[in-house]
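Positions in the sequence shown are counted from 1; adding 4 to them yields the working numbering.
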Amino acid sequence: MIFSDSTSSFVNYYKRHGFAATSRRTMLYLQRLFLFPRMVLFYCDLTSPSFITATKNESNDVSVERKTRENDIDPQDLQRIVNFWNPKVFRRHLPERFQRGASLWLIRSAGQLAGYGWTLKGGTIEPHYFMLGSNDVHLFDFLVFPEYRGRKLNPALVGEILRQMAAENRSRAYIECAEWNQPQLNSLKKTGFQLLGVARKQHLLGQTFVRWENPELQLETRQTVVSAKADR
Ligand SMILES: CC(C)(COP(=O)(O)OP(=O)(O)OC[C@H]1O[C@@H](n2cnc3c(N)ncnc32)[C@H](O)[C@@H]1OP(=O)(O)O)[C@@H](O)C(=O)NCCC(=O)NCCS
């Protein structure tokens, strides 16, 4: 499934960007695939009030909406989201994710759709680095459309989600980001998320293998997760 998704992504990319750009992207993809990219994992303790000030949104023209069903999404917004990466893959993900109870969060700037992100309570869509507690929430697949990047819309969206999750009495929020993704790393610094650790993950024969890259962080991670569970 992963390879057929990737192939259709590249065909889609080739149609839009041509041979040279697709070759460069393929090389980058293969490097990232076979080097099992280091992922930076973050957490936010939603029971602590300190994150609220760190994620306060100062902008008046920004609004956030939460969607829990495909039918609630405006058709124009849906087109914009679906067509950005790979329509075929996104069309399949959408019902799967909603059926699992995920929420799609939209951010608007001056009324226009500027980006989105997903959350799932009590688990993750893909096999994860560790087990989430039933009251934890995972944030994943965030995107700000290119023309809106660099305006702190992603931190505004993440901040609003964290505030709402805290209001719903969730325990902890988790998010991760590839170590090469400097824009997302920079962006997450502006949110209430804190570093949990750095790890690599690989799926083989139906198993997920996780290697924590920093032993000190591994220890801290285990303790943090254990103490979070104990607190619930
Ligand atoms: C990562 C992403 C969501 C950040 O959104 P954003 O609203 O632009 O976030 P910010 O405004 O906080 O900017 C973050 C960083 O993006 C970079 N950036 C700034 N202007 C930019 C622009 N016009 N275009 C691209 N990147 C820009 C900067 O490194 C910036 O960090 P800085 O503010 O410390 O200089 C967005 O770049 C994106 O959608 N990227 C592609 C998808 C992705 O990587 N998603 C995250 C993985 S799930």
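Built from N, CA and C at the ideal position, the CB exists for glycine as well.
The structure displayed is predicted, hence computed values, not measured ones.
Non-local C-beta neighbours of S13 in its own chain, meaning closer than 6 angstroms and more than five positions away in sequence, comprise N90, ordered along the chain.
Not one heavy atom of ligand 1 falls within 7 angstroms of the beta-carbon of P41.
Between L200 and the set E151, S138, F134 and P150, the nearest pair of CA atoms involves F134. Here E164 has V68 as same chain residues with Cβ atoms under 6 angstroms from its own Cβ, once five neighbours each way along the sequence are excluded. A straight-line Cα-Cα distance of about 12 angstroms links N185 and F146. If the five residues before and after M169 are omitted, its C-beta is found closer than 7 angstroms to the C-beta atoms of L50, V141 and A177, all from its own chain and listed in chain order. Going by beta carbons, R101 and I77 fall outside the 8 angstroms limit. In summary, V148 is buried, with 16 or more beta-carbon neighbours lying within 10 Å of its beta-carbon over all protein chains present. In this structure, F197 has its beta carbon at no less than 7 angstroms from each heavy atom of ligand 1.
Ligand 1 never approaches F134 closely enough for any of its heavy atoms to be under 7 angstroms from the residue's Cβ. Short of 7 angstroms from the beta carbon of E217, and not among the five residues preceding or following it, lie these beta carbons of its own chain, in chain order: R42, V202, A203 and R204. Taking the Cα of F213 as reference, the smallest distance to any Cα among N16, F40, F23 and S138 is reached at F40. Around ligand 1, the residues whose beta-carbon falls short of 6 angstroms from at least one of its heavy atoms are D145, F146, L147, V148, R153, G154, R155, K156, L157, N158, P159, C181, N185, Q186, P187, Q188, N190, S191 and K194, given in chain order.
Taking a contact as a CB-CB distance under 8 angstroms, the pair E180 and L45 counts as one, their CB atoms being some 5 angstroms apart.
For K194, there is no enclosing alpha helix (DSSP H), since its DSSP letter is neither H nor E. Contact check for G121 against L136 fails: the beta carbons are separated by 8 angstroms or more.
Secondary structure of M43 (DSSP, three-state): strand. Counting along the chain, L157 sits inside the alpha helix (DSSP H) bounded by residues L157 to A171. If you look at I85, you'll find it in the alpha helix (DSSP H) that goes P79 to F88. In summary, S138 is exposed, with fewer than 16 beta-carbon neighbours lying within 10 Å of its beta-carbon over all protein chains present. Within the region 85 to 147, the complete alpha helix (DSSP H) runs of at least 4 residues fall at 91 to 103. Within the same chain, Cβ atoms closer than 8 angstroms to the Cβ of R95 are found at V86, the five residues on either side in sequence being excluded. Each of L98, F88 and Q80 was checked against the Cα of R73, and the nearest Cα belongs to L98. 8 angstroms or more divides the Cβ of G196 from the Cβ of L157.
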